[in-house]
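**Student:**
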Amino acid sequence: MGCSSGCSKNSETTDSTQEVSPIHWTECGYEIGDHACDFTLTSQSGNDWNLYSHYGDIIILDFSTEWCGYCHVAAEETQAVHDEHKSKGFQYVTIMVEDLSGNSPPLDSAIQRWVEHYGITSAPVLAGNRDMIDSGEGGWPVTGWPTFYILNDDLVIVEIIRGYSALSLDNAIQSVLNPSTE
2 MGCSSGCSKN
12 SETTDSTQEV
22 SPIHWTECGY
32 EIGDHACDFT
42 LTSQSGNDWN
52 LYSHYGDIII
62 LDFSTEWCGY
72 CHVAAEETQA
82 VHDEHKSKGF
92 QYVTIMVEDL
102 SGNSPPLDSA
112 IQRWVEHYGI
122 TSAPVLAGNR
132 DMIDSGEGGW
142 PVTGWPTFYI
152 LNDDLVIVEI
162 IRGYSALSLD
172 NAIQSVLNPS
182 TE
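The sequence shown finishes on residue 183 if you use my numbering, and the numbering steps up by one all the way, no holes.
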């Protein structure tokens, strides 16, 4: 499956202002067992946040919208979950796909409202868009809000959770932080 909107099948970049990542996968995808496809989005601080730059971290990608009620429930825990596990090389990353009107979320309004309302200070909140979502031509197969992708430290998708359950999310985090040695 191909990548879309800022994703690439390898980590090479044509922007001379960005470093070329040492990661060189020939394939990426959006399903369990795939190396996640790379993307770069702008964070609440106005800086670029690049997935492959966080190789070695365990990452939760939380695809949310501003109009989704369960996304708001999940956002109440974002900073606390991020803080609880960050010393273990963990990041909780929210990708805001739409604002209240269903449009791409502007940094200066929708993203700032979100981080201020939920007290998110260090967990990245990124301005995403619908182009990232699978439209039959590739992209993250988000079929409900919120959708969580849990990536191990090799940036392999190890779990996908559709909808919000604090218990399910915590169990997924624990399983990737403390993998069984069967």
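Glycine included, every Cβ here is placed at the ideal spot set by N, Cα and C.
As the structure is a computational prediction, the values presented were derived from the model and not from experiment.
1. Measure the CB-CB distance between residue 62 and residue 50 and report whether it falls below 8 Å.
2. Using a Cβ-Cβ cutoff of less than 6 Å, which residues in the same chain neighbour residue 143 once the five nearest sequence positions on both sides are dropped?
3. If you reduce the DSSP assignment to three classes, tell me which class residue 65 lands in.
4. In three-state terms, what does DSSP make of residue 99?
5. Which same chain residues end up closer than 7 Å to residue 72 when comparing Cβ atoms and leaving out the 5 residues on each side of it in sequence?
6. Taking the beta carbon of residue 167 as the centre, do at least 16 other beta carbons fall within 10 Å, making it buried, or is it exposed?
7. Is the separation between the beta-carbon of residue 152 and that of residue 33 shorter than 8 Å?
8. Look at the alpha carbon of residue 115 and the alpha carbon of residue 121, and state the distance between them as a whole number of angstroms.
9. Pop quiz: residue 150 and residue 75 are said to be a contact at Cβ under 8 Å. What is the actual Cβ separation, rounded to whole angstroms?
10. Excluding the five sequence neighbours on either side, which residues of its own chain have a C-beta within less than 8 Å of the C-beta of residue 155, listed in chain order?
11. Helix or strand or just coil, what does DSSP make of residue 94?
12. Quick one: residues in its chain with C-beta nearer than 6 Å to the C-beta of residue 69, no 5 flanking neighbours on either side, listed in chain order?
13. Does the distance from the C-beta atom of residue 86 to that of residue 178 stay below 8 Å?
14. In terms of alpha-carbon separation, which member of 97, 81, 99 lies closest to residue 91?
15. Tell me which residues share the same chain as residue 101 and place their Cβ nearer than 8 Å to its Cβ, disregarding the 5 neighbours each side in the sequence.
16. Alpha carbon to alpha carbon, how far is residue 79 from residue 54?
17. Given a threshold of 16 other Cβ atoms within 10 Å of its Cβ, counted over all protein chains shown, does residue 175 qualify as buried or as exposed?
18. For residue 98 versus residue 44, is the C-beta spacing smaller than 8 Å?
**Tutor:** So, from the data block:
1. no
2. 64, 134
3. In the structure shown, residue 65 sits in a strand (DSSP, three-state: E or B).
4. For residue 99, the secondary structure class from DSSP, reduced to helix, strand or coil, is strand.
5. 65, 66, 146, 147
6. exposed
7. no
8. 8 Å
9. The Cβ separation is near 13 Å, so there is no contact.
10. 36, 56
11. strand
12. 146
13. For residue 86 and residue 178, yes; Cβs fall inside 8 Å.
14. 81
15. The answer, listed in chain order, is 67, 68, 111.
16. 21 Å
17. A residue is called buried when at least 16 other Cβ atoms come within 10 angstroms of its Cβ; residue 175 does not meet this threshold and is exposed.
18. Between residue 98 and residue 44, the gap from beta carbon to beta carbon reaches 8 Å or more.
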